[in-house]
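Single-structure report; data block below.
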Amino acid sequence: MTLEDQLSQEVQKQSMLSHNAQDSNALWEEELKSRSKLGLRLAELEKEKGELISQMELEKKKAKKIAEQKKSVDTRLDQEMKRNTELQKEMYRLRTLVKTAKKKLREQDSAGAEFGSPMSSMKGEMGHRQTEADIGRMKDKVDDLSVQLEKEVSRCSQLERVNGELKEQLAFLKGLGRSNERLERSKRHLEEELLGLRRQVEAGVMDQTLVDQYRRDAEERARQEIRQKLEEVNLFLQTQAASQEALEQIKAANEASLRSTLEQRIRELEGELGRAHSTQHDSMSLRDSTRTELDRYRELYTEELRLRKALAAKLERSNERLAEANTKLMSERHRSKSLIASSIVNGSLGGPLDMGSLGSVGAYGATMGPLNRSLGGPLLSPLGDGGQSSRVEAYLAKMQNELERNISKELDHATAELEGSARMSPVGSASGSPTSLGRGLSVVEDPVSRATQQYLEVLKKNYMI
Numbered sequence: 291m292t293l294e295d296q297l298s299q300e301v302q303k304q305s306m307l308s309h310n311a312q313d314s315n316a317l318w319e320e321e322l323k324s325r326s327k328l329g330l331r332l333a334e335l336e337k338e339k340g341e342l343i344s345q346m347e348l349e350k351k352k353a354k355k356i357a358e359q360k361k362s363v364d365t366r367l368d369q370e371m372k373r374n375t376e377l378q379k380e381m382y383r384l385r386t387l388v389k390t391a392k393k394k395l396r397e398q399d400s401a402g403a404e405f406g407s408p409m410s411s412m413k414g415e416m417g418h419r420q421t422e423a424d425i426g427r428m429k430d431k432v433d434d435l436s437v438q439l440e441k442e443v444s445r446c447s448q449l450e451r452v453n454g455e456l457k458e459q460l461a462f463l464k465g466l467g468r469s470n471e472r473l474e475r476s477k478r479h480l481e482e483e484l485l486g487l488r489r490q491v492e493a494g495v496m497d498q499t500l501v502d503q504y505r506r507d508a509e510e511r512a513r514q515e516i517r518q519k520l521e522e523v524n525l526f527l528q529t530q531a532a533s534q535e536a537l538e539q540i541k542a543a544n545e546a547s548l549r550s551t552l553e554q555r556i557r558e559l560e561g562e563l564g565r566a567h568s569t570q571h572d573s574m575s576l577r578d579s580t581r582t583e584l585d586r587y588r589e590l591y592t593e594e595l596r597l598r599k600a601l602a603a604k605l606e607r608s609n610e611r612l613a614e615a616n617t618k619l620m621s622e623r624h625r626s627k628s629l630i631a632s633s634i635v636n637g638s639l640g641g642p643l644d645m646g647s648l649g650s651v652g653a654y655g656a657t658m659g660p661l662n663r664s665l666g667g668p669l670l671s672p673l674g675d676g677g678q679s680s681r682v683e684a685y686l687a688k689m690q691n692e693l694e695r696n697i698s699k700e701l702d703h704a705t706a707e708l709e710g711s712a713r714m715s716p717v718g719s720a721s722g723s724p725t726s727l728g729r730g731l732s733v734v735e736d737p738v739s740r741a742t743q744q745y746l747e748v749l750k751k752n753y754m755i
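According to this note's numbering, the sequence shown holds residues 291 to 755 in order.
So this is what it looks like as structure tokens:
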């Protein structure tokens with residue numbers, strides 16, 4: 291081998307070494323660039339890590355605060371639900387009170403139909419007033435409870451809305467926590483890869499293609515993770531919007547059903563109160579009408595008592611006059627008998643008869659009452675058959691006719707007075723009244739009829755009418 295060949299070989303070796311040095315230099319530059327890029331990426335990851343840690347701390351504080359608020363809201367919601375149940379129990383109790391008040395009103399109306407003493411009517415009126423006051427108080431209480439129930443419903447809906455919002459925020463924070471955990475895992479994975487790359491660079495056995503492959507793989511994984519996170523965030527937002535819409539629909543349906551139920555209950559209570567008021571008004575009008583009837587029957591009873599007393603006084607006076615007339619008539623009969631007998635015995639019937647004395651007897655009979663029809667028979671029995679006896683018989687027949695006319699006139703007058711007083715009595719007009727007064731008025735009517743019958747029997751017995 292010549293020197294030229296050796297020189298050419300050395301030149302080739304030097305050129306190959308220079309090429310190798312250039313390649314090494316290029317690789318070193320690429321390695322430096324990749325190291326700088328990895329350092330920048332590491333700094334960015336550290337910065338993101340700090341931001342995520344601070345954000346995580348803030349979210350933890352928010353989650354803790356929201357959990358406390360949720361707990362307080364849950365306690366308030368439980369309290370409001372308890373108050374709502376208590377208000378419903380109070381409404382049921384008021385409904386039972388309204389029913390008992392209606393029952394009392396019906397009992398008082400049935401008791402008022404059979405009216406009794408004024409004390410019972412006063413008690414019924416006081417009971418009606420007390421019932422009306424109770425109904426007014428219950429109506430005011432129902433109105434207050436309705437207003438309070440509406441307030442509680444609005445407050446309950448507001449608390450449910452706040453609770454839903456807090457639940458949504460808590461779910462969002464949980465999602466953020468899960469995403470933070472995934473970021474932490476990816477960060478640790480990247481740190482592990484970075485440490486491996488550093489060890490490989492320091493060892494000087496890293497190939498540029500491997501570095502590019504690692505870089506591409508890391509970027510691809512980062513893009514995939516970012517895309518996956520974006521998809522998860524979009525899915526979470528969609529589910530949150532759907533759940534929010536469903537929750538709003540459920541709340542609206544619950545509020546509408548609760549409002550309709552409350553309105554129906556309020557209408558039922560108002561209807562029951564209206565019926566109770568109408569029943570009370572009917573009972574008041576019935577009580578007024580029965581009181582008016584009672585006053586009228588009292589006036590009629592007072593008038594009947596007055597007429598009874600007047601009829602009793604008149605009957606007593608008639609009996610006294612009848613007894614007096616009877617005694618005087620008997621004395622006149624004895625006097626006439628003694629006068630006629632003395633005239634017959636003394637033989638003084640030949641002269642004219644004393645017409646004055648007989649006329650006074652006839653006049654007295656016409657004024658005081660009827661004489662006995664059998665007067666002529668026993669008086670004329672001892673007389674003879676002469677002309678004077680015929681004149682005495684004619685006079686006695688005339689006097690008997692006058693007495694009969696007077697008797698019939700007196701009887702007609704007494705009968706007319708009794709019938710007129712019976713027609714003027716309110717007993718006949720009240721005969722169609724209720725049975726509670728019919729028995730008392732029939733008792734009042736019986737003494738008048740008995741007195742009339744006794745008077746007619748006395749006339750028939752004493753004077754043969």
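Where a beta carbon is used, it is the ideal one built from N, C-alpha and C, also for glycine.
Owing to the predicted nature of the structure, the values given are computational and were not obtained by experimental measurement.
Can you say whether P356 is buried or exposed, counting buried as having 16 or more other CB atoms within 10 angstroms of its CB? The sequence given here has Ile at residue 356, not Pro. By the neighbour-count rule (16 or more Cβ atoms within 10 Å), I356 is buried.
Rounded straight-line distance, which links the Cα of D364 to that of L335: 41 Å
Proximal residues to N374 (C-beta, below 6 Å), its chain only, five neighbours per side dropped: E442
Work out the CA separation of R331 and N524 for me, nearest whole Å. 27 Å
Alpha carbon to alpha carbon, what distance is there between Q570 and G561? 14 Å
Taking the beta carbon of D702 as the centre, do at least 16 other beta carbons fall within 10 Å, making it buried, or is it exposed? exposed
Below 7 Å CB to CB, which residues in the same chain sit around Q459 once its five sequence neighbours on both sides are set aside? I356
Mind checking whether L456 and K360 have CB atoms under 7 Å apart? yes
Under the assumption that M346 contacts N544 (Cβ atoms under 8 Å), give the Cβ distance between them as a whole number of angstroms. Their Cβ separation, rounded to whole angstroms, is 37 Å, which puts M346 and N544 out of contact at 8 Å.
Could you round the C-beta distance between V559 and R385 to whole angstroms and report it? I think they count as a contact, below 8 Å. Looking at the sequence itself, residue 559 is Leu, so the reference to Val does not match. At roughly 7 Å, the Cβ-Cβ gap stays under 8 Å, so L559 and R385 are in contact.
Do L342 and L473 count as a contact pair if the criterion is CB distance below 7 Å? yes
Local conformation of S664 per DSSP, three classes: Its pLDDT being 38, under 50, S664 is placed unreliably in this model, and the value from its coordinates should be taken loosely. If DSSP states are grouped into helix, strand and coil, S664 belongs with the helices.
Would you call the segment 579-588 and the segment 447-456 touching, i.e. three or more CB-CB distances under 8 Å? no
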